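The sequence shown begins at 104 in the working numbering and counts up one residue at a time.
Beta carbons are placed, not taken as given, at the ideal position from N, Cα and C, and that holds for glycine.
Predicted model only: the values in this text are computed from it and were never measured.
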Amino acid sequence: MSEDRDAVVEALCGDLSAIRAPRGTELNALSWQTEAPLRMLLNNLDPEVAEHPEELVVYGGSGRAARSHTALRAIVRTLLRLRDDETLLVQSGKPVGVFRTHRAAPRVLIANSLLVPRWATWDEFRRLEAEGLTMFGQMTAGSWIYIGTQGILQGTYQTFCAAGEVHFGSADLSGRTVLTAGLGGMGGAQPLAATMAGAAILCVEIDQRSIDRRLATRYLDEQATSLDDGLARVRAAAAEGRALSVGLLANAADVYPELVARGEHFDLVTDQTAAHDPLTGYVPAEVPFEEAAALRARDPKRYLELASQSIVAHCRAMCELARMGCYVFDYGNNLRGEAYAGGLTEAFSYPGFVPAYIRPLFCRGIGPFRWAVLSGDPADIDVIDHELKGLFPDDVLLQRWLAMAPEKVAFQGLPARICWLGYGDRARAGLAINELVRTGRVSAPVVIGRDHLDSGSVASPYRETEAMQDGSDAIADWPILNALLNTAAGATWVSVHHGGGVGIGNSIHSGMVVLADGTADAAERLERVLAGDPGTGVMRHADAGYPEALDAARAGGLDLPSATGAAVESAPASSGS
């Protein structure tokens, strides 16, 4: 049996350049409860999904799915034998224990990159990482629920639409121009999200491979031959009210100051380079891209000095664009934080996207809700899309999204979809998906999860919890409570991470995934998890005193003992249906 299992492990993950999640209804593990995390872990490392699968890097500079190839094999081997009354513990990408729990407990519990606060610095993390003691899990890389660039696509679309409503009175950005940079695993969503909102967008990217990938997956429409060519294309499209995305091979630290010098105006300006990790994610302007890796390895101190100088120039130009009348916002990559550390005192003169546009949604528990079909059959996604259209007929942005996504979104790895839903609606959607599996309209079980960038699952003072009205930006109790509640509610796997999105020392966040396998047991878990998970977001913002959250708590029947006027002690709602 051990030899047979070893052969299966090698077939599933022996070659890092050719990993692909199993499809269909035949199990490799002992049940769907363990087959689901197995398939999603492997899906994270599918070359269609991961940026550098041969290095186990999924996205975000160095965000990994497992600590080493040996650790990956050990995780897979353990999942193949794990029983439904056991729980696997994973410590920063390495499986460290299997314990007897119970059938309603999570099958996997994950902790990634956690350091005692006094030691929570990039230098100390990299020292420990070099000794093989930890890994950087980013957000959904190390929690095995990354679904490719689509995972952030609808949130990016929501952000652009919200910015349009705030600044121009309409979510339709037709005739508007957007400037951004970074086309990696996160930033690659920006061109398609902007064009889905109607805008013309110029996207600066230093790596031709990233541009090629976005062109191949239809996230990016065209590539310019020069800055002048890119500007001309974007200006012409905007003048015609035509949506268009244009990639430009260049360094943002060069291009943004040049645009300032020329006096160029854009309606919206942002950035999603991997500035949260200046050593492995950001390329200094003074270093040719093809020489960056060698300098990084040879002289990391010098590399970081040059990266800091470029980040300062990049951020200073964004501050200047704001003064010139552009609506500028930080998109959560810690560019401002790194620039401030580099001596730019005005770095935080423009806002982050959450306080600027998204917080009213978070107050109502609205955030990313994603699902992947374990069958591998795109037809199952079509069935779920149709079901959700009927469930939420009055959600205008959702209806627009579900109409456009089948045509515009190329699947990466297992077919998946994302949409933003709130407290009550997430549980309704999860139960509906479970019923589709039960009746056979969807051919195999479905996993339901989310980004860690959510209403109640993150403490990140430079991003999701920036400028909380009660000053609680850095309080990290909330994501820990979220993870504990999801564990108690019976999510299939739960994770707690440090540093995702904005870098080591700057965030604590949690994730969950729950399986819809068509059973009555799954229905009970889905109702508990998908009510409690967004419910913690309403709770967190109600505790901070946001009126929208207090209203949402009252409307949803949430029992919040310390939130004035919001507690409903007699009948807390579990699903909102």
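By the Cβ test, the segment 359 to 375 is in contact with the segment 276 to 286, since at least three Cβ pairs between them sit closer than 8 Å.
The segment 551 to 625 contains, as complete alpha helix (DSSP H) runs of 4+ residues, the segments 580 to 592 (chain order). Around the beta carbon of S665, fewer than 16 other beta carbons sit within 10 angstroms, so the residue counts as exposed. The secondary-structure analysis by DSSP pairs S348 across a beta bridge with I304. Cα atoms of G552 and C429: separation of roughly 35 Å, rounded to the nearest angstrom.
When rounded, the separation of the alpha-carbon atoms in H600 and Q572 is 25 Å.
A distance of 8 Å or more separates the beta carbons of G455 and G468. Taking a 10 Å sphere around the C-beta of F202, we find fewer than 16 other C-beta atoms and assign the residue as exposed. For F451, there is no enclosing alpha helix (DSSP H), as DSSP marks it with neither H nor E.
In the structure shown, the three-state DSSP call for W247 is coil.
By the neighbour-count criterion, in which a residue is buried when 16 or more other Cβ atoms sit within 10 angstroms of its Cβ, D380 is buried.
Remark: C-beta atoms of Y649 and N609 do not approach each other more closely than 8 Å. Here S613 is buried. Its C-beta has 16 or more other C-beta atoms within 10 Å.
The three-state secondary structure of V431, taken from DSSP, is strand.
Taking the CA atoms as reference points, D402 sits about 24 Å from E157. Judged by pairs of C-beta atoms under 8 Å, the segment 188 to 206 touches the segment 165 to 174, as three or more such pairs exist. Apart from sequence neighbours up to five positions away, the residues of its chain that approach V152 with a beta-carbon distance below 8 Å are N146, V161, Y249, I250, G251, Q515, G516, ordered along the chain.
A direct Cα-to-Cα measurement between G267 and L500 gives close to 13 Å. When C-beta atoms of the segment 583 to 600 are compared with those of the segment 521 to 534, fewer than three pairs fall below 8 Å, so the two segments do not count as touching. In the structure shown, Y162 adopts extended strand secondary structure according to DSSP, grouped into three states. Considered as a whole, the segment 229 to 277 harbours 253 to 271 as its complete alpha helix (DSSP H) runs of no fewer than 4 residues, in chain order. Residue state for A519 is assigned as strand, using DSSP reduced to three classes. Just so you know, the alpha carbons of N215 and S348 end up roughly 35 Å apart.
Beta-bridge analysis with DSSP links T320 to no other residue. For A594, the CB contacts under 6 Å within the same chain, skipping 5 residues up- and downstream, are P209, M615, V617, V632 in chain order.
The criterion of a C-beta distance shorter than 8 Å is satisfied by D310 and F392.
L494 and R531 do touch by the CB rule: their CB atoms are close to 6 Å apart, below 8 Å.
Short of 6 Å from the beta carbon of A296, and not among the five residues preceding or following it, lie these beta carbons of its own chain, in chain order: L256, T259, Y260, F263. For S120, the number of other beta carbons within 10 angstroms of its own is below 16, and it is reported as exposed.
Around the beta carbon of H205, fewer than 16 other beta carbons sit within 10 angstroms, so the residue counts as exposed. Boundaries of the beta strand (DSSP E) around E189: 189 to 194. Residue burial is scored here from C-beta neighbours: A400 has fewer than 16 other C-beta atoms within 10 angstroms and is therefore classed as exposed. Around the Cβ of P471, a 10 Å sphere holds 16 or more other Cβ atoms; the residue is buried. For P463, the enclosing alpha helix (DSSP H) has its first and last residue at 462 to 466.
Within the DSSP secondary-structure output, A214 pairs in a beta bridge with Q194, V599. The beta-bridge partner set that DSSP reports for E151 is empty.
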